[in-house]
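First up is the structure itself, then whatever we jot down about it.
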Amino acid sequence: MKISDAADRRKETIKSRVRDVLDALRIETHDRGAYVMFRCPCLEHDDNTPSAVLYRNAQYVECFGCGWRGDALDVIALKRGLDVQVEFPEVLDEGAQLLDLPSSPRDSGAISSKDRETKRKERRAKKEHRQRAIERAKQEVDRIIEASGDSNLSYDEMAKALVDASPIPVPDSEASESAAHLMVRTLFAGKRIWLGRFSSDGIPKGRIVDVTEDSLVCELQAAKAKGNDLRLTPSTYLCMQDHRRGENVHEQCYAVLEMDELRGRKPESADEIEELKCRCLILIKWLTEHGVIRPVAVVDTGNKSLHVWIEAPSEDRAQDVLDQVDAMGFDLRSYKNKVGPFRLPGCVHSETKREARLLWLAPPSGGTEAVETGSTCENQ
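Residue numbers (UniProt numbering): 1 to 380.
See below:
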């Protein structure tokens, strides 16, 4: 889209005032000194506590919960239900109105209102078609559960069966450090990854490291000294980068499936938590047997859910896989989060005080292109 000088200046002004945009949209922020925290505006993210952060003098915001990242215009678009690519003039108008900037005439090269309306209708029709397909698939979920030969097993029985069937032998629960080492080495040998933990103020702290025997031993020992809280992202990183944010990702190798709701709400009792985990394993098995996904690791988080690491689908299959896991009731925030820190085996849950356990591990089918290795670097 051709943008006039005036519109371009207005765009840069809005982007430079992201904190003012948050205030104008009445998004509650919490001052933490070097940064502010707030609830993520991502429409697919319903966080209970602030998980998005704006650093001082930065022109972007980032969510540690779902991996969403954007500037002031992206925040406005999300809150107003607009598409930045198609409805850019409207986004600018919204920003100008929020910040009391002078209005400016529309670009002669901008997309006409008729074309924008046509594109909106096309997007709406596609969305409604997908939603109908998802609703039909949801109706099949209970039938899949009932038809499963595992539906009468307890969670402990299912977990033991997983461990026994693991293509790569899984260390026992007393060797959690070995399990974390084995999982990272299997999934990311020779790659550059982010390893870290959550600090006391809820911000992920870590380093981008090259996966070698020495680096893993060092990181695991450091994690144990700091309370056994070790996290890993499902992506590899570019050379000479020092932050896990999205633009530094070399390749998203995996996606993480998590199911955290049972019949539309969070499980509370021990029986409900067991039912949720059993349901998750049955549906993962069905998706695997039908060629929808290829799991490489299953981790019991030590709390109410499982993390199932799957190979990231190819671009031509990505939407189909997303629709099917959505229909099954898996959390799309986890699935789409390529930079989110996920618990490794041995990570102690802050509430339950139980360790995350590795239940199943398989070698990746192809492996990703290795990135050039170098020194480790501190980052957030």
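We treat Cβ as the ideally placed atom computed from N, Cα and C, and that holds for glycine.
Every unbroken stretch of the alpha helix (DSSP H) spanning 4 or more residues and falling wholly within the segment 306 to 352 is given here in chain order: 318 to 328 and 332 to 336.
By the Cβ criterion, the segment 349 to 361 is not in contact with the segment 310 to 322, since fewer than three pairs of Cβ atoms, one from each stretch, lie closer than 8 Å. DSSP, reduced to helix, strand and coil, places Asp260 outside both helices and strands of the structure shown, so it counts as coil. Judged by pairs of C-beta atoms under 8 Å, the segment 179 to 197 touches the segment 238 to 253, as three or more such pairs exist. Leaving aside the five residues that flank Cys63 on each side, the residues in its chain whose CB is nearer than 6 Å to its CB run, in chain order, Cys40, Ser51 and Ala52. Val296 places its beta carbon 8 Å or farther from that of Arg343.
Boundaries of the alpha helix (DSSP H) around Pro89: Phe88 to Leu98. Straight-line spacing of the CA atoms in Gly302 and Lys353 works out to 8 Å. Here the segment 277 to 290 makes contact with the segment 323 to 331; the two share three or more CB pairs at distances below 8 Å. Secondary structure at Met158: helix, using DSSP grouped into helix, strand and coil. Residues of the same chain with a CB within less than 8 Å of the CB of Glu272, apart from the 5 flanking positions on each side, are Leu262 in chain order. With fewer than 16 other beta carbons inside 10 angstroms of its own, Asn57 counts as exposed. With distances taken between CA atoms, Arg265 lies nearest to Glu275 out of Val256, Glu275 and Leu257. For Asp172, there is no enclosing alpha helix (DSSP H), since its DSSP letter is neither H nor E.
Per DSSP, Cys280 lies in no beta strand (DSSP E) segment; the continuous alpha helix (DSSP H) that holds it begins and ends at Ala270 to Glu289. Taking the CA atoms as reference points, Asp83 sits about 22 Å from Asp320.
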